[in-house]
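K.L.:
Counting along the sequence shown from 1, when you hit position 137 you're at 136 in numbering that gives the first Met the number 0, and nothing is skipped either side.
Provided herewith is a single structure, encoded as structure tokens, for subsequent inquiry.
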Amino acid sequence: MFDARGAVVSFVPKFDNGPHSRAQIGFLAVANADLVERDMFMMRPEGVGVHFSRVPMGTTCSVENLASMEGELHAALATLMPAREDTHVITFNCTSASFVIGDTKIRDIIQTARPRVKATTMVTSVVSALLALDARRVAMGTAYTDDINRMEQDFLQDHGFDCVSAEGLGLLTDAEMNRVTPESLLDFAAYVDRPDAEAVFLSCGALRSVEILEAAEARLGKPVICSNQASMWECLRLAGVDDRIPGFGCLLTSV
0 MFDARGAVVS FVPKFDNGPH SRAQIGFLAV ANADLVERDM FMMRPEGVGV
50 HFSRVPMGTT CSVENLASME GELHAALATL MPAREDTHVI TFNCTSASFV
100 IGDTKIRDII QTARPRVKAT TMVTSVVSAL LALDARRVAM GTAYTDDINR
150 MEQDFLQDHG FDCVSAEGLG LLTDAEMNRV TPESLLDFAA YVDRPDAEAV
200 FLSCGALRSV EILEAAEARL GKPVICSNQA SMWECLRLAG VDDRIPGFGC
250 LLTSV
């Protein structure tokens, strides 16, 4: 640009608060996971940034492989928007590894590495969601094998919940979990439900459960939550975003 005398004038840009001025959320996702970005972008309100780093894990969903992710968390954190000071929340986005490793231990690792953020895990979000819905008697359906199911049932019972049913699909890989049809998951929710259950919980971020939450609640007449939905809900609330987001069950529209 030139002024009236023909001298060069440097261009001065204008600034605003950026495209994600409401909140920045970081997800530590399993390296094998295929749904987390899709699901979080589906539920994300305008003005909220969602960012992802990957945690390596062996091919099969076993207790040993889930536990091994503890040693990979620091490296994954180091690549998750490391130079940004405006990140509000970081979550470890794996339900089963959260209780296998220990949700408190994982939150401490995140908080130590990134002391300015609020730290959570996927299973912590599930607990918070069930408490917010005042649901203590829970019917649980998972993607997992029986040994992992028992650990999750024990975790929930240790946090004051009564698992009135606990059924697993016995799947070993994320690829298998990703291929379970939404229609089948809707039937699975009905299969695990019990008359005395106050909510149904579909556990595992690798299942396409967010797609059937509305239909499941209409069919069963009670709240239905799933891992990715609970994760987004709690991250938003921790970041101070209280938008009601339709299409993904009563958790995201009522609390």
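Glycine is no exception: its CB is placed at the ideal position from the N, C-alpha and C atoms.
How many angstroms separate the CA atom of G220 from the CA atom of D157?
P.N.:
As a working mapping, residue 220 is identified with position 221 in the sequence shown. As a working mapping, residue 157 is identified with position 158 in the sequence shown. Roughly 27 Å between the two C-alpha positions.
K.L.:
Starting from E233, trace the alpha helix (DSSP H) in both directions and tell me its first and last residue.
P.N.:
Against the sequence shown, residue 233 aligns to sequence position 234. Looking at the DSSP string, the run of the alpha helix (DSSP H) that includes E233 is S226 to L237.
K.L.:
Tell me, please, whether the stretch 162 to 179 touches the stretch 81 to 92 by the rule of three or more beta-carbon pairs shorter than 8 Å.
P.N.:
In short, these stretches do not touch, since the Cβ pair count stays below three.
K.L.:
Please report the distance separating the alpha-carbon of G140 from that of A74.
P.N.:
The residue you call residue 140 lines up with position 141 of the sequence shown. The residue you call residue 74 lines up with position 75 of the sequence shown. Near 32 Å, if we compare the C-alpha coordinates of A74 and G140.
K.L.:
Looking only at its chain, what residues have a beta carbon closer than 6 Å to the beta carbon of D33, apart from the 5 residues adjacent to it on each side?
P.N.:
Numbered from 1 along the sequence shown, position 34 holds the residue referred to as residue 33. Excluding positions up to five away in sequence, the list reads N177.
K.L.:
Give the C-beta separation of A215 and A188 to the nearest angstrom, bearing in mind that I take them to be a contact with Cβ-Cβ under 8 Å.
P.N.:
As a working mapping, residue 215 is identified with position 216 in the sequence shown. As a working mapping, residue 188 is identified with position 189 in the sequence shown. About 4 Å separates the two Cβ atoms, so the contact holds.
K.L.:
Please state if the CB of S226 and the CB of L201 are separated by a distance shorter than 9 Å.
P.N.:
By 1-based counting over the sequence shown, the position of residue 201 is 202. By 1-based counting over the sequence shown, the position of residue 226 is 227. In this structure, S226 lies closer than 9 Å to L201 by Cβ.
K.L.:
State yes or no: is the C-beta of R53 within less than 9 Å of the C-beta of A30?
P.N.:
Mapped onto the sequence shown, residue 53 falls at position 54. Mapped onto the sequence shown, residue 30 falls at position 31. Contact: yes.
K.L.:
H87 and L237: beta carbons closer than 9 Å?
P.N.:
Looking up residue 87 in the sequence shown gives position 88. Looking up residue 237 in the sequence shown gives position 238. Closer than 9 Å, so yes.
K.L.:
Flag this pair as touching only if the stretch 113 to 133 and the stretch 141 to 150 have three or more C-beta atom pairs under 8 Å; answer yes or no.
P.N.:
No, the stretch 113 to 133 does not touch the stretch 141 to 150.
K.L.:
According to DSSP, simplified to helix, strand and coil, what is I244?
P.N.:
In the sequence shown, the residue the question calls residue 244 occupies position 245. Reduced to three states, the DSSP call for I244 is coil.
K.L.:
Which stretch, first to last residue, makes up the beta strand (DSSP E) that contains A118?
P.N.:
For the purposes of this step, residue 118 is taken as residue 119 along the sequence shown, with counting starting at 1. Where A118 is concerned, the enclosing beta strand (DSSP E) stretches over K117 to T120.
K.L.:
Need the endpoints of the beta strand (DSSP E) that I24 sits in, please.
P.N.:
As a first step, residue 24 is located in the sequence shown; it is residue number 25 there, counting from the start. A22 to V29 is the span of the beta strand (DSSP E), which, as asked, contains I24.
K.L.:
Quick one: is A28 buried, meaning 16 or more other Cβ sit within 10 Å of its Cβ, or exposed?
P.N.:
The sequence position of residue 28 within the sequence shown is 29, counting from 1. A28 is buried by the Cβ-count criterion.
K.L.:
Note down, one range per segment and in chain order, each alpha helix (DSSP H) of at least 4 residues found wholly within the stretch 21 to 107.
P.N.:
With a minimum length of 4 residues, the continuous alpha helix (DSSP H) runs that stay inside the stretch 21 to 107 are 35 to 42, 62 to 67, 72 to 77 and 94 to 100.
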